[in-house]
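Each residue of the sequence shown is one higher than the one before, starting from 1 at the first, in UniProt numbering. Glycine included, C-beta positions come from ideal geometry on N, C-alpha and C.
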Amino acid sequence: MTTNPRRGTDPVPVEESDQLTIRPLGAGQEVGRSCIMLEFKGKKIMLDCGIHPGLSGMDALPFVDLIEADEVDLLLISHFHLDHSGALPWFLTKTSFKGRVFMTHATKAIYRWLVSDYIKVSNISTEQMLYTESELESSMERIETINFHEERDVRGVRFWAYNAGHVLGAAMFMIEIAGVKVLWTLVQSAA
């Protein structure tokens with residue numbers, strides 16, 4: 001009896017949208033400007049939109065020039081720390097992003113105070129400022145809140161938040177697209 005050694009080994013063609021892609025636009029090999037793109041089945045989700053704490057102006061932003069902002073369906077913010085949320089006013093007011101933004105109630109409340117304080121204490125020239133107080137207020141109008149364990153569906157992307165235990169309101173998000181689930185958590189490390 002002979003067997004076909006190639007049987008079952010022929011590669012199955014895979015559609016590009018069938019591949020789960022996770023692409024860091026910041027925080028890939030650095031601390032700060034947390035911003036991750038998750039893509040699957042034609043859906044695009046941005047996870048966090050922070051600034052780099054050691055840089056200023058445009059240099060502090062995640063590398064969002066690598067994506068088309070108007071193609072992002074959903075933006076989820078894990079918590080209020082600036083390295084996770086500090087680029088949000090800029091992204092919402094100065095790009096073509098048309099998707100929806102979610103964070104917890106506590107994150108939204110503290111985010112407003114923290115970013116407002118960041119604007120006031122930034123010691124950089126006006127032309128290097130990423131955004132103004134009025135642009136922060138405009139961003140607040142676009143942010144929707146989610147409770148822990150509350151399920152939402154945006155354009156075929158189901159998601160819900162769990163308590164991350166990091167700071168008040170910090171969330172990890174379970175994201176489901178076409179039956180595939182991904183848990184976005186806060187990974188902390190200490191040197």
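*Look at the Cβ atom of I146, then the Cβ atom of R152, and state whether they are nearer than 8 angstroms.*
yes
*Whole angstroms is fine: what's the gap from E135's alpha carbon to A178's?*
35 angstroms
*Coarse secondary structure for P62, derived from DSSP in three states*: coil
*asked:* Buried or exposed for A191, going by 16 or more other Cβ atoms inside 10 Å?
replied: With a pLDDT of 39 at A191, under the threshold of 50, the modelled position of this residue cannot be trusted, and the question is left open.
*Going by alpha carbons, who is nearest to I45 out of P62, D65, L76, M58?*
L76
*Kindly identify the DSSP beta-bridge partner or partners of N147.*
In DSSP, N147 forms no bridge with anything.
_Proximity of F148 and T107 at Cβ, strictly below 8 angstroms_ = no
*asked:* Which of the three DSSP states is assigned to V101 in this structure?
replied: strand
*State the Cα-Cα distance for the pair D18 and V31, rounded to the nearest angstrom.*
30 angstroms
*Where Y118 falls: helix, strand or coil (DSSP)*: helix
*For G99, is the classification buried or exposed, using 16 other Cβ atoms within 10 angstroms of its Cβ as the cut-off for buried?*
buried
*Excluding sequence positions up to five away, which residues of its chain have a Cβ less than 6 angstroms from the Cβ of R155?*
D73
_For R33, count the other beta carbons within 10 Å of its own beta carbon; 16 or more makes it buried, fewer makes it exposed. Which is it?_
buried
*Hey, how far is the Cα of M1 from the Cα of E15?*
Reliability of the predicted coordinates at M1 is poor, the pLDDT of 47 falling under 50, and the value obtained from them is presented with this limitation in mind. Their backbone Cα atoms lie some 36 angstroms apart in a straight line.
*Could you check the C-alpha separation between T21 and M174 for me, to the nearest Å?*
16 angstroms
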